[in-house]
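Written out below as structure tokens is the structure these notes cover.
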Amino acid sequence: MDLKEIILQAWNDSALLSDKRYTDAVHGVMEELDKGRLRVASPAENGWQMNEWIKQAILLYFAIQQMETYSLPPFEFYDKMKLKSNYKELGVRAVPHAVARYGAYLAKNVVLMPSYVNIGAYVDEGTMVDTWATVGSCAQIGKLVHLSGGVGIGGVLEPLQASPVIIEDGCFIGSRCIVVEGVRIEKEAVLGANVVLT
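Heads up: the sequence shown begins at 231 in this note's numbering, then just goes up one per residue.
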């Protein structure tokens, strides 16, 4: 049985999560997401292919993770999700107060100013996530994209059939733009400041 089949079985019968084979599969999907080898949405010949089963795996991951306290004095956090690490090895520049969750993929030469990248997101090479910008769950951000200060890229885990926001290669998203509800911005588009697309 492949990962997808195991996830679908666990999704349809949560009692299976007491079996290590199923929890290992959930953790395996998360590792593949974190490394960019799996994606919630993938470019295809006729647009984009949605991989709903990967969103199911993320939701199962939330279900099996235990709450933990994380301390970085004087700050304290209490959550189920660990944060991304090894930025140097990844070739990612992350300035203080940039936060990316484990399960989000950051490609080489991504720059994170004080910003937030949520689980399941995919941020491709050379992209800048500027100050106070947020990249929501499962959002797909292309190569050489500039997300200006305060940009909000919506996330979606539920409903499962909902498409994530997709920002294709070379886009410039102006300051304080909001892009949500499965909007797709095609290659090299420019959005002026304060545009809202929903």
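Just so you know, even glycine gets a beta-carbon here, dropped at the ideal spot from N, CA and C.
* For N281, I'd like the list of residues in its chain whose CB is within less than 8 Å of its CB, leaving aside the five on either flank, ordered along the chain. => By one-based count along the sequence shown, residue 281 stands at place 51. Excluding positions up to five away in sequence, the list reads L268, R269, V270, A271, S272.
**Report entry** Proximal residues to Q286 (C-beta, below 6 Å), its chain only, five neighbours per side dropped
**Finding:** Taking the sequence shown and counting its residues from 1, one reaches residue 286 at position 56. Within the same chain, I237, W241 come within 6 Å of Q286 by CB-CB distance, once the 5 residues on both sides are set aside.
- Count the CB pairs spanning the region 361-369 and the region 382-395 that are closer than 8 Å, and state whether there are at least three. yes
Query - CB-CB length for I284 against V259, believed under 8 Å - result: Within the sequence shown, residue 284 is the residue found at index 54, counting from 1. Within the sequence shown, residue 259 is the residue found at index 29, counting from 1. Indeed they touch by this definition, with Cβ atoms about 6 Å apart.
* **For M358, the three-state DSSP class (helix, strand or coil)** => As a working note, residue 358 is residue 128 in the sequence shown. It is a strand residue.
Report task. Taking all protein chains shown into account, decide if K310 is buried (16 or more other Cβ within 10 angstroms of its Cβ) or exposed. Result -> Counted from its first residue, the sequence shown places residue 310 at position 80. The residue is exposed, with fewer than 16 neighbouring Cβ atoms inside 10 Å.
Could you check if A334 is buried or exposed, using at least 16 other CB atoms within 10 Å of its CB as the buried criterion? Counting from 1 along the sequence shown, the entry for residue 334 is found at position 104. So A334 counts as buried.
Open item on the list: For D309, report the span of its beta strand (DSSP E) as first-last.
Closed with: Sequence index remark: in the sequence shown, residue 309 carries index 79 (1-based). Annotation for D309: the continuous beta strand (DSSP E) segment containing it runs 305-309.
Worksheet item: Thinking C-alpha only, which one of L247, Y300, W278 is nearest Y291?
Response: Taking the first residue of the sequence shown as 1, we reach residue 291 at position 61. The candidate whose alpha carbon is nearest that of Y291 is L247.
Worksheet item: In or out: A324 buried (at least 16 other Cβ within 10 Å) or exposed?
Response: The sequence position of residue 324 within the sequence shown is 94, counting from 1. It is buried - the Cβ of A324 has at least 16 other Cβ atoms within 10 Å.
Q) What's the call for V409, buried or exposed, on a 16-neighbour Cβ count within 10 Å? A) The count along the sequence shown starts at 1 and reaches residue 409 at position 179. Buried.
May I have the straight-line CA-CA distance separating I396 from D354, to the nearest angstrom?
Locating residue 396 in the sequence shown gives position 166, where the first residue counts as 1. Locating residue 354 in the sequence shown gives position 124, where the first residue counts as 1. Roughly 12 Å separates the two Cα atoms.
| query | Would M358 pass as a contact of V341 if the rule is Cβ separation under 8 Å? | reply | As a position in the sequence shown, residue 358 is number 128, starting the count at 1. As a position in the sequence shown, residue 341 is number 111, starting the count at 1. It is a contact, given that the beta carbons lie within the stated cut-off.
Distance check for M231 and Y300, CA to CA, integer angstroms please. Position 70 of the sequence shown, counted from the start, is the residue given in the question as residue 300. Position 1 of the sequence shown, counted from the start, is the residue given in the question as residue 231. Going by the C-alpha atoms only, they are around 36 Å apart.
Applying the 10 Å Cβ sphere with the 16-neighbour rule, what's the burial state of H327? Counted from its first residue, the sequence shown places residue 327 at position 97. So H327 ends up on the exposed side.
Whole angstroms are fine: how far does the CA of T428 sit from the CA of P304? Reading the sequence shown from its first residue, position 74 is the one you call residue 304. Reading the sequence shown from its first residue, position 198 is the one you call residue 428. For P304 and T428, the distance between alpha carbons rounds to 38 Å.
Q) Should P389 go down as buried or exposed, given a rule of 16 or more other Cβ atoms within 10 Å for buried? A) Start at 1 with the first residue of the sequence shown, and residue 389 comes out as number 159. Result: exposed.
query = Is DSSP giving H327 helix, strand or coil here?
reply = Here residue 327 refers to the residue found at position 97 when the sequence shown is read from its first residue. Correct three-state label for H327: coil.
Using 8 Å as the threshold, is the C-beta distance between K417 and G404 below it? Counted from its first residue, the sequence shown places residue 417 at position 187. Counted from its first residue, the sequence shown places residue 404 at position 174. No, the Cβ-Cβ distance between K417 and G404 is not below 8 Å.
Delimiting residues of the alpha helix (DSSP H) encompassing M231:
The residue given as residue 231 occupies position 1 in the sequence shown. Neither: M231 is in no alpha helix (DSSP H) and is coded neither H nor E.
- Query: Can you give the Cα-Cα distance for R406 and N316, rounded to whole angstroms?
  - Reply: Taking the first residue of the sequence shown as 1, we reach residue 406 at position 176. Taking the first residue of the sequence shown as 1, we reach residue 316 at position 86. Rounded to whole angstroms, R406 to N316 spans 29 Å at the Cα level.
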